[in-house]
């Protein structure tokens, strides 16, 4: 089949590459000349495991094309997927200007029947507005062409998006047209060979399903973080609690990992957008507002622990923090709404210097934080430790899970680790002589014990 994909972000590029991999002829359209030129040279502008190889192979074999000209993409394509961004706008509501612009372009250019597919995450009712815009543009041209607008939300996890597309749990299609549903079923059939994975429903139900799914996952994250905060107050261990509740099949273990809160391009934006939709409809979404509010506070919990620790040493001003992890999660270079940025800004405002490393997100973070003279992004993991007073682990990259602790202790001025992802064992860190603070577990805190002679020498030599 001939497919047009408008937008080459995480969703658009993954969708295009995976459709091309199954033999379809796919045109990818983007307004960014630099991105299009780079893709035509085989340069991928985002990091997503497995995507670069997929894009290069299908581009080389002639099934995947990149252009700025939407007319080239529309010509001959039955399906037109709208995969552009819907960033947060006023009061957190989704900004649909890019979606509407694509709809106008389609209405101005189309010459025959098209199935227009909303794959961007959009509020309920957006498909109706897209249809109205296309009809308006056709009327201005004096044309009466047939088309359908369908909702087909994406359910891709950054860091595992290619696998999610190739082996989907489900394919949601919102349409009341049986013929359109069958055509989409044929397009997706290579990804559903073991069983029928397509679920057909009304357009508005499909739009709502995407928001409901992301808000449910965000709710689980905020819930377990609240339980972790309570565990710290009552002396319980959140890891034991997590094991206990996760064994109940009605709850499960997925998305109940305590930490520094959720970030990225989806959960923060979608929770706020659904809150806005509910308020616009006259409903007060109390659970979603609590989920959002708790996540905002959770992002700086680790910063609070760091400032509390150094309060008796004159505060964090002038101290140096080594930080591992800047992306909002592992296996991505995405720093949108990343908790690491909130932690850095909170500490920097208090005068603390931060030296940070991330395997993939360093360049993006350096651009985001370039105006802050107290922040340094380095290219090597252990380089962050030189002269630092403590280490904070913020993203759960695999290479951080079992580091060289003797090397860490030798490099740090104090044997002190703040773990925002609960990667390490408190008992093991205590045995190695570290002070260790994590989330929802009793800390290893030696401040009330007499410092070792080595610690005294390090503190005196640092002037703090």
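Numbering (the working numbering), first residue to last: 8 to 471.
Note that beta-carbon positions come from the ideal geometry of N, C-alpha and C, so glycine has one too.
Start-to-end residues for the alpha helix (DSSP H) that takes in residue i
i: residue 315; result: 308–317
i: residue 173; result: 168–173
i: residue 40; result: 40–47
i: residue 83; result: Element bounds for residue 83: n/a, residue is neither H nor E.
i: residue 179; result: Unbroken run through residue 179 is the beta strand (DSSP E), 178–181; no alpha helix (DSSP H).
i: residue 188; result: 185–195
i: residue 133; result: 133–148
i: residue 414; result: 412–418
i: residue 52; result: Run containing residue 52: none; DSSP gives neither H nor E here.
i: residue 300; result: 293–305
heavy atom of the ligand MG below 6 Å from residue i C-beta
i: residue 35; result: With respect to the ligand MG, the structure offers nothing, as it holds no ligand at all.
Residues bridged to residue i [DSSP beta-bridge criterion]
i: residue 397; result: 328
i: residue 101; result: 95
i: residue 247; result: Beta-bridge pairing links residue 247 to no other residue.
i: residue 34; result: 11 and 72
i: residue 439; result: DSSP lists no partner for residue 439.
i: residue 205; result: 178
i: residue 89; result: 13 and 125
i: residue 451; result: 443
N-terminal and C-terminal residue of the beta strand (DSSP E) that residue i is part of
i: residue 234; result: Taken as a continuous stretch (DSSP letters only), residue 234 belongs to no beta strand (DSSP E), being part of the alpha helix (DSSP H) at 210–241.
i: residue 74; result: 71–74
i: residue 287; result: Element bounds for residue 287: not the beta strand (DSSP E) but the alpha helix (DSSP H), 274–287.
i: residue 124; result: 121–125
i: residue 472; result: Here the chain has residues from 8 to 471 only, and residue 472 is not among them.
i: residue 158; result: 154–158
i: residue 383; result: 382–384
i: residue 443; result: 442–444
i: residue 425; result: 423–426
Separation of residue j from residue i, as counted between CA atoms
i: residue 349; j: residue 275; result: 14 Å
i: residue 128; j: residue 77; result: 21 Å
i: residue 226; j: residue 444; result: 25 Å
i: residue 211; j: residue 175; result: 21 Å
i: residue 367; j: residue 50; result: 15 Å
i: residue 191; j: residue 390; result: 51 Å
i: residue 156; j: residue 183; result: 10 Å
i: residue 88; j: residue 23; result: 9 Å
i: residue 66; j: residue 117; result: 25 Å
i: residue 140; j: residue 336; result: 37 Å
i: residue 313; j: residue 266; result: 15 Å
i: residue 332; j: residue 340; result: 10 Å
i: residue 215; j: residue 298; result: 18 Å
i: residue 270; j: residue 410; result: 25 Å
i: residue 392; j: residue 296; result: 38 Å
i: residue 15; j: residue 346; result: 25 Å
i: residue 122; j: residue 85; result: 6 Å
i: residue 302; j: residue 279; result: 12 Å
i: residue 195; j: residue 413; result: 51 Å
i: residue 311; j: residue 159; result: 42 Å
i: residue 137; j: residue 217; result: 18 Å
i: residue 408; j: residue 252; result: 24 Å
i: residue 202; j: residue 79; result: 35 Å
i: residue 254; j: residue 428; result: 21 Å
i: residue 322; j: residue 354; result: 10 Å
Reference residue i, options the options, closest by Cα
i: residue 150; options: 345, 208 and 119; result: 119
i: residue 19; options: 107, 41, 216 and 62; result: 62
i: residue 386; options: 330, 110 and 288; result: 330
i: residue 25; options: 204, 206 and 170; result: 170
i: residue 234; options: 13, 194, 80 and 305; result: 305
i: residue 286; options: 40, 48 and 99; result: 99
i: residue 56; options: 144, 163, 401 and 183; result: 163
i: residue 264; options: 403, 450 and 374; result: 403
i: residue 167; options: 322, 126, 54 and 347; result: 54
i: residue 401; options: 58, 446 and 82; result: 446
i: residue 143; options: 413, 294, 112 and 318; result: 112
i: residue 207; options: 86, 231 and 180; result: 180
i: residue 358; options: 371, 328 and 344; result: 328
i: residue 177; options: 247, 198, 230 and 374; result: 198
i: residue 398; options: 383, 415 and 253; result: 415
i: residue 420; options: 428, 369 and 394; result: 394
i: residue 325; options: 154, 344 and 396; result: 396
i: residue 102; options: 253, 441, 277 and 408; result: 277
i: residue 237; options: 452, 204 and 448; result: 448
i: residue 417; options: 440, 81, 434 and 427; result: 440
Cutoff 7 Å: residue i Cβ touching any chain B Cβ
i: residue 42; result: In the structure shown, chain B cannot be found, because there is only a single protein chain.
Open item on the list: I'd like the ranges of any alpha helix (DSSP H) spanning at least 4 consecutive residues and lying wholly in the segment 319–373.
Closed with: Whole alpha helix (DSSP H) segments, 4+ residues: 346–356.
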